[in-house]
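A short write-up of the structure that comes next.
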Amino acid sequence: MATAKELRELSADDLQRRATELRETLFQDQLKRRTGSLDSPAERTLHRRDLARVLAVLGEKKKAAKA
Numbered sequence: 001m002a003t004a005k006e007l008r009e010l011s012a013d014d015l016q017r018r019a020t021e022l023r024e025t026l027f028q029d030q031l032k033r034r035t036g037s038l039d040s041p042a043e044r045t046l047h048r049r050d051l052a053r054v055l056a057v058l059g060e061k062k063k064a065a066k067a
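What the sequence shown shows, in the numbering used here, is residues 1 to 67, in sequence order.
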């Protein structure tokens with residue numbers, strides 16, 4: 001889990017890559033949950049929060065680039 005401060009140091013490309021990885025992870029978590037093999041539902045929540053954090057920082061960077 002990375003903090004927003006750490007994520008702000010990454011480039012936009014790195015953030016996009018990280019968002020893609022987190023989306024794939026969430027998809028895998030969803031499949032595991034439906035098959036009953038998800039070890040910890042709390043991990044899914046953490047992944048969702050991480051994705052939201054990455055997307056928020058990415059939005060900040062895009063908004064700053066336009067200004």
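No residue lacks a Cβ here, since even glycine has one placed at the ideal position from N, Cα and C. Computed from a predicted structure; not experimentally measured.
In this structure, the alpha-carbon of Asp14 lies about 26 Å from that of Leu31. Per the C-alpha coordinates, the member of Lys61, Ala67, Ala2 positioned closest to Ser11 is Lys61.
Closest option to Arg44, judged by alpha-carbon separation, among Leu55, Leu26, Val57: Leu26.
At a Cβ-Cβ threshold of 8 Å, Asp50 and Leu22 count as neighbours. Look at Leu38 here: in three-state DSSP terms it is coil, with no helix or strand label.
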